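Chains as they are written, first to last, in our numbering: chain A, 1 to 219; chain B, 1 to 414. Glycine is no exception: its CB is placed at the ideal position from the N, C-alpha and C atoms. Note that the structure is a prediction, hence the values are computed from the model and not measured.
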Amino acid sequence: MHFTQGISFPRSGHGVVYNILKSYFGSKMKYCDPNNKTNRYCNCKKVPCVNPNTTFAKNHDFEVLNGQGLPIRENTRYFIQYRSPIQAIISNFYLYQKNTNNSGRYFWTQFAYDQLDYWIAFIDKWIFQLPNVNKMNQTCSYEELIADPFGTISKIIKFMSDEPLDINKIRKILNQIKVTLLNRHNDFIYYDEEFFFRLEEVAESRMRILGLPSFKSYH
Amino acid sequence: MEAAAAGLPLVVSESGGYCECLDSDCAFIVPPSPKIIANSINKLFNNYDLVLQMGKAAWEKVRLHTWDNTAQQILDFIKEVHRKRKKYTSTSLLPQIGAFYYPWYQSGEKRRHWNENSEYSAVKDFPIGGPYTSTDPAVLSNHIKLAVEAGFDFLVINWEVGHEGLHPMDLEATRKLFDSVEKSSYSLKLAIMICFKTESFIVFKRYMDILRNEFIIRPSYLKKGKQFPVWYFLNNAFIGTFYRAYKKIESLNQNIIPIAVGAIVYKPSVPKHIRKFFKGWQFYSPLQICLPHDWYSYWMNNYDVFCEHSSPDSIKTFTICPGYDDTQLSNYKRKDELFRKIPRSGLKTYDIMQAAALDLNPIPDLVVVTSFNEFHENTHLEPSTAYGDMYIKATRRFKEKLIASANKINYMKG
């Protein structure tokens, strides 16, 4: 298994992919999660991970917007996860509410705008610019993962390891760990058709500019 | 919880309620996979120090979940709900929305407020169609139409009254605006905001008489119950006059609902006479009050404290604004002002302010937008070369949301 630096936009399915990969690779998976205290192999909070045995590391590149983000390294293997911003932002807002006790439309609106700026900077850097500097990268959108869990997971495993793919094992794991769509935005307490439409348009126009497929194409 | 209370470490699945009361200090929170669960148990089985450490953390975590503490939390929650219900009972029916309106523009050779000087009349953006004259009937008709399109129930006409009184053209524009509204088929209402820049009571009385004898009696003047809202800009000149002639000013405000507007935060330490006199209290330029990080607490605190401490006949008002930028004005008084530029960032700033208005509890009686056409401070909603009509449309959508939200709350009240 090659060391792979995971870079994910928050709530883009990193947790579920990690669980699947952990089940697949077993003890070969040595995971570094800067946010986790005890459950993981390493939480050094450094990029790259200081532990030479680490095989998979997580980072959200939170500082990407203010220019203090992670450098893109030529020789690092990157696994990038992103998602349609609205779904990701809603999902992340639940966490934000829980951590800050800030609830209400005001905080939602401010949060949504700030996160959209973060999302744009993240996509520009890790989806658009990355391939110009680094050739060892694999991207995966949450929408792609939901639409085709088997194909997407197979692709990720092939990227992370040179060993032959164990298709049966993947099928077995996917029977145990379900990859399902959470947080349908119409149920969201602050759902506002017009506001969501505007956020979606910003994201879609960004995807068009970057020549990437529309999120709607997965529906 | 029982296991944690017994000082034991835990292995729990990451779905369900476990995550709400446990964390990774005291539990292995794992996917529901037999192999992973077995691994976690194995880790504990082989490491007694870890068992002790996590068991202690588990006990620390749940020891506060006593019957007494839980009962207290429920009681606090019930009290909070009751407090909110009490606030609801003083709520009005549906909120109305308006905008501060400026009647001071003149185009042509004798132009006023269109870049004739850099001190106080510089503008960066222009209305679509270019500079206009506020007394022009075609301009007034267009403004009325736009105000209705934006969903406004009323406009608050700003009178700037200096030592020499109000500029005659502003008075003429006010009269013509009332005439135009009354000739139109729209139900738009008008009201007056007076910004006194003099401490002369004679001047004060002259314009209060004009207001009372000429405008308040007009059918298009905004009414709340049997009274008429008038906004007073709360500056040093007003406060000076107010303290010298409190009784006289009070008698000039019979049948009037005086609403304070300015930059002063309402709090119980505001002098009693001022608190007693004003029946409404709002910021004129809420984006300039404090750092963006503190906006919400200042706005909400001002509103909440006023609702809590004002008399039952008071009206609840709130201000929203699309952005602010007066950096092109060279007036020395503005130089030391903080927060002279709060960008609109498209609709971001306006959306955030609207969201704050939608969060208000109780529902406001009046939401006023700063401004319909204050081009010097770039707070204008009027369609312009820089922004087109996006703020007119955004205001219309806000009005719809505000009414829908009020209807929902009124329905909940029964």
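{"Item": "I need the DSSP call for I419 of chain B, collapsed to helix, strand or coil.", "Value": "An answer regarding residue 419 of chain B cannot be provided, because it is not within the stretch 1 to 414 covered by chain B."}
{"Item": "For D294 of chain B, count neighbouring Cβ atoms within 10 angstroms of its own Cβ and tell me buried if that reaches 16, exposed if not.", "Value": "exposed"}
{"Item": "Tell me, which residues are paired with Y160 of chain B by DSSP?", "Value": "Note that residue 160 of chain B is Glu in the sequence shown, not Tyr. B:C195, per the DSSP bridge assignment."}
{"Item": "Comparing the C-beta of N19 of chain A with each C-beta of chain B, is any distance below 9 Å?", "Value": "yes"}
{"Item": "Distance check for T379 of chain B and K348 of chain B, CA to CA, integer angstroms please.", "Value": "14 Å"}
{"Item": "For a contact meaning CB atoms closer than 7 Å, what does K348 of chain B contact in chain A?", "Value": "Y113"}
{"Item": "With the cut-off set at 9 Å, would you say T241 of chain B and F283 of chain B are in Cβ contact?", "Value": "no"}
{"Item": "Would Y18 of chain B and L8 of chain B qualify as a contact pair, given that the criterion is a beta-carbon distance under 9 Å?", "Value": "no"}
{"Item": "Is there a Cβ of chain A sitting closer than 9 Å to that of Y296 of chain B, yes or no?", "Value": "yes"}
{"Item": "Going along chain B in order, which residues have a C-beta closer than 7 Å to the C-beta of E194 of chain A?", "Value": "R397"}
{"Item": "I'd like to check one pair, C42 of chain A with K28 of chain A: are the Cβ atoms closer than 9 Å?", "Value": "no"}
{"Item": "Does the separation of the CB atoms of T76 of chain A and M136 of chain A fall below 9 Å?", "Value": "yes"}
{"Item": "Measuring straight from C-alpha to C-alpha, what distance separates A112 of chain A and Y118 of chain A?", "Value": "10 Å"}
{"Item": "Output, in chain order, the set of chain A residues within a Cβ distance shorter than 7 Å of I352 of chain B.", "Value": "Y106, T109, Q110"}
{"Item": "Taking C-beta pairs closer than 9 Å, name the residues in chain B that S23 of chain A reaches, listed in chain order.", "Value": "P31, S33, K35, I36"}
{"Item": "Given that a residue counts as buried once 16 or more other Cβ atoms are within 10 Å of its Cβ, and exposed if not, what is P312 of chain B?", "Value": "exposed"}
{"Item": "Tell me the rounded alpha-carbon separation between A203 of chain A and P85 of chain A.", "Value": "7 Å"}
{"Item": "Judging by CA-CA distance, which residue of B:E308, B:Y232, B:I74, B:N301 is the nearest neighbour of F278 of chain B?", "Value": "B:Y232"}
{"Item": "In its own chain, which residues sit with a C-beta less than 8 Å from the C-beta of S214 of chain A, not counting the 5 before and 5 after it?", "Value": "E204, M207, R208"}
{"Item": "Am I right that V12 of chain B and I29 of chain B are in contact with their C-beta atoms under 8 Å? What's the rounded C-beta distance?", "Value": "6 Å"}
{"Item": "If you follow the alpha helix (DSSP H) that S405 of chain B is in, where does it begin and where does it stop?", "Value": "390 to 413"}
{"Item": "Compare the C-beta of S345 of chain B against all C-beta atoms of chain A and say whether one is closer than 9 Å.", "Value": "yes"}
{"Item": "Using a beta-carbon distance below 9 Å, is D359 of chain B in contact with chain A?", "Value": "yes"}
{"Item": "Taking DSSP's pairing of strands, which residues face N137 of chain A in a bridge?", "Value": "A:Y78"}
{"Item": "Tell me the rounded alpha-carbon separation between G225 of chain B and K413 of chain B.", "Value": "22 Å"}
{"Item": "How would you call N373 of chain B, buried or exposed, if buried means at least 16 neighbouring beta carbons within 10 angstroms?", "Value": "buried"}
{"Item": "Check for me: the alpha helix (DSSP H) holding Y232 of chain B runs from which residue to which?", "Value": "It is not in any alpha helix (DSSP H) - Y232 of chain B instead sits in the beta strand (DSSP E) that spans 228 to 233."}
{"Item": "Closer than 7 Å by beta-carbon distance: list the chain B residues that pair up with Q176 of chain A, in chain order.", "Value": "S33"}
{"Item": "Measuring only the C-alpha atoms, how far is R105 of chain A from D359 of chain B?", "Value": "6 Å"}
{"Item": "Decide yes or no for the touch test of the stretch 91 to 111 of chain B against the stretch 144 to 158 of chain B: beta carbon pairs closer than 8 Å, at least 3 of them.", "Value": "yes"}
{"Item": "Give the range of the alpha helix (DSSP H) segment to which A27 of chain B is assigned.", "Value": "First-last for A27 of chain B: 27 to 30, but that is the beta strand (DSSP E), not the alpha helix (DSSP H)."}
{"Item": "Could you tell me which whole beta strand (DSSP E) segments of length 3 or greater appear in the stretch 60 to 139 of chain B?", "Value": "96 to 101"}
{"Item": "Taking the straight line between their C-alpha atoms, what separation do you get for E2 of chain B and C321 of chain B?", "Value": "53 Å"}
{"Item": "Within the same chain, show all residues whose beta-carbon is closer than 6 Å to that of N53 of chain A, passing over the 5 residues directly before and after it, in chain order.", "Value": "K30"}
{"Item": "If contact is defined by three or more beta carbon pairs under 8 Å, each pair taking one atom from either stretch, is the stretch 94 to 109 of chain A in contact with the stretch 154 to 172 of chain A?", "Value": "no"}
{"Item": "Hey, quick one: how far does the beta strand (DSSP E) through W281 of chain B stretch, first residue to last?", "Value": "280 to 283"}
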